[in-house]
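Engineer: Okay, handing you the structure first.
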Amino acid sequence: MNDQSKIAASVPAAAPFHEPGVMVIRNVNWAGTRALYAKEVRRFMKVQLQTVWAPAVTTLMFLVIFTLALGGAGRQVLGVPFADFIAPGLIIMGMMNNAFANSSFSLLAGKMQGTLVDYLMPPLSSSELLLALVGAAVTRAFAVGLALWCAMALWPGVHVTPAHPWAILWFGLMGAGLTAFIGVLTSIWADKFDHAAAITNFVIGPMTLLSGTFYSIDRLAPVFQAISHANPFFYAISGFRYGFVAATDGDVVVGSIVLLALNIGLGLLCYALLKKGWKLKA
C-alpha cells in the first residue's frame, strides 16, 4: 500500500469537508435565532416610550379610575382589598396585550413593506423563526409587566408583594406566550394592519377585559361563570393573581394544564403554517 492509500484509509469516510471560514449549522441555528431575537427586541426598545412606557401608564390609569370608583368603603374581593385584587390582573392584562401587539406586527409589517424576504431567506427553520418571534414578544410583555409592577409597588394603598413567585413567572409566561402565538397567527393571516386591529379590538380586548380582571366570577350567574371558564384568558389572570394575593376564583392546577395545552397546540399550528408558507410564500 502506497503513502496516498494509507492517508486515504486513515480519514473516516463520513468526515465532512467544508471551505475555510464557512459556518456549518449542524442541529439548531442558535446564532441566527439569537440574531433575529435581538433584532426584534431592538425594534421595540428603540421606541420604548411607545411600546413599554405608554402601555404601562395607560394600564396604571385603569388602576386609578377603578380604585377611586369602586374601591371605597373598605371594599374587599376574595378577602383582599379591591386595589390589591385588581392590580395583578391589570399587570398580566398589559403583558398579554403587548405580547400580541409585538408578535402580530413583525411578519405583517414585512408583507406591507415588502421586506418579508428578510424573515424567509436567512437559514432559519420554521421552529427557529417562531422561537425568535415569540421570545421577543414575551420579552416585551415582561418589560411592560416589570414597569407596571414597579409603578404599583410605589402607588399608595396598593400592595403587590409576591406571595408565590413561581405562579407569577409561570402564568406570566403562559399568558404572554398564549397571546404571542395568537399574534403570530394573526400576522400570518392578515393582509393589512386593519385585520390585526380587528383581532385586537374584537378578540384580544374583550377576552382580557371579560376574564375577571376587575371582578370575581363567583359573583356572576352560573351561565356567565361557565362562559368565563371557557375563556383561556381567565386562567392566566386568575393564576397570576394567585401569585400575589394567594387567593383565586379558579383552580390553579386546571389553569396551568389548560394554558400549557393551548400554548402547545397554538405553537404547533404556527409551526405548521410557517413551514407550509401559507400566505407567506408565493
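Sequential numbering of the sequence shown, starting at 1, is according to UniProt numbering.
We treat Cβ as the ideally placed atom computed from N, Cα and C, and that holds for glycine.
These numbers were taken from a predicted model, which means no experiment stands behind them.
#1: Starting from TRP149, trace the alpha helix (DSSP H) in both directions and tell me its first and last residue.
#2: Please identify the residue among ASP84, ARG42 and LEU60 whose C-alpha is closest to the C-alpha of VAL245.
#3: When burial is assigned at 16 or more other CB atoms within 10 Å of the CB, is PHE202 buried or exposed?
#4: Could you compute how far the alpha carbon of ILE217 sits from the alpha carbon of PHE66?
#5: Bridge partners of GLN76, per DSSP?
#6: Measuring straight from C-alpha to C-alpha, what distance separates LEU131 and GLY74?
#7: Distance, Cα to Cα, residue 294 vs MET45?
#8: Could you check the C-alpha separation between residue 291 and PRO123 for me, to the nearest Å?
#9: Could you tell me the alpha carbon to alpha carbon distance between LEU120 and ALA38, rounded to whole angstroms?
#10: Can you tell me whether DSSP reads THR67 as helix, strand or coil?
#11: How about MET93 and THR200: do their beta carbons lie closer than 7 Å?
#12: What three-state label does DSSP hand MET121 in the structure shown?
#13: Give me, in chain order, the residues of the same chain whose beta-carbon lies closer than 8 Å to that of TRP166; leave out the 5 immediate sequence neighbours on both sides.
#14: Candidates MET152, HIS195, ALA230 and VAL77: which alpha carbon is nearest LEU210's?
#15: May I ask you to report which of helix, strand or coil DSSP gives ASN102?
#16: Give the secondary structure of TYR242 by DSSP, where H, G and I count as helix, E and B as strand, and everything else as coil.
#17: Taking DSSP as the reference, what is the three-state secondary structure of TYR37?
#18: Taking the beta carbon of residue 283 as the centre, do at least 16 other beta carbons fall within 10 Å, making it buried, or is it exposed?
#19: Would you check if there are 3 or more beta carbon pairs closer than 8 Å linking the segment 103–114 to the segment 182–197?
#20: Pick helix, strand or coil for TYR235, following the three-state DSSP scheme.
#21: Hey, quick one: how far does the alpha helix (DSSP H) through GLN50 stretch, first residue to last?
Structural biologist: Taking the coordinates as given:
#1: Here residue 149 refers to the residue found at position 149 of the sequence shown. Following the DSSP letters along the chain, one finds TRP149 inside the alpha helix (DSSP H) bounded by residues 126–154.
#2: Along the sequence shown, one-based indexing puts residue 245 at 245. When each option's Cα is compared against that of VAL245, the closest is ASP84.
#3: Looking up residue 202 in the sequence shown gives position 202. Using a 10 angstroms sphere on the CB of PHE202, the tally of other CB atoms stays under 16, which defines it as exposed.
#4: Along the sequence shown, read from residue 1 onward, the residue named residue 217 stands at position 217. Along the sequence shown, read from residue 1 onward, the residue named residue 66 stands at position 66. Distance between the alpha carbons of ILE217 and PHE66: 17 Å.
#5: Translated into the one-based positions of the sequence shown, residue 76 becomes position 76. According to DSSP, which records beta bridges pairwise, GLN76 is partnered with PRO81.
#6: The residue you call residue 131 lines up with position 131 of the sequence shown. The residue you call residue 74 lines up with position 74 of the sequence shown. Counting only the Cα atoms, GLY74 lies some 45 Å from LEU131.
#7: Residue 294 lies beyond the range of the chain shown here (1 to 282); nothing can be said about it.
#8: Summary: the structure shown does not reach residue 291, with the chain confined to residues 1 through 282, and so no result is reported for it.
#9: Counting from 1 along the sequence shown, the entry for residue 120 is found at position 120. Counting from 1 along the sequence shown, the entry for residue 38 is found at position 38. So the alpha carbons of these two residues sit roughly 17 Å apart.
#10: Numbered from 1 along the sequence shown, position 67 holds the residue referred to as residue 67. Three-state DSSP puts THR67 in a helix.
#11: Stepping through the sequence shown from its first residue, residue 93 is reached at position 93. Stepping through the sequence shown from its first residue, residue 200 is reached at position 200. 7 Å or more divides the Cβ of MET93 from the Cβ of THR200.
#12: Residue mapping note: residue 121 aligns to position 121 of the sequence shown, counting from 1. Here MET121 sits in coil by DSSP.
#13: Start at 1 with the first residue of the sequence shown, and residue 166 comes out as number 166. Excluding the 5 residues flanking it on each side, TRP166 has same chain C-beta neighbours closer than 8 Å at GLY243, in chain order.
#14: Sequence index remark: in the sequence shown, residue 210 carries index 210 (1-based). Ranking MET152, HIS195, ALA230 and VAL77 by Cα distance to LEU210 puts ALA230 first.
#15: The residue you call residue 102 lines up with position 102 of the sequence shown. It is helical.
#16: Residue numbering aside, residue 242 sits at position 242 when the sequence shown is read from its first letter. Three-state result, TYR242: helix.
#17: Here the question's residue 37 lines up with position 37 in the sequence shown. It is helical.
#18: Not covered by the structure: residue 283. The range shown for the chain is 1 to 282.
#19: Between the segment 103–114 and the segment 182–197, the count of C-beta pairs closer than 8 Å reaches three or more; the two stretches touch.
#20: Against the sequence shown, residue 235 aligns to sequence position 235. Helix.
#21: The residue you call residue 50 lines up with position 50 of the sequence shown. Counting along the chain, GLN50 sits inside no alpha helix (DSSP H), nor does DSSP assign it H or E at all.
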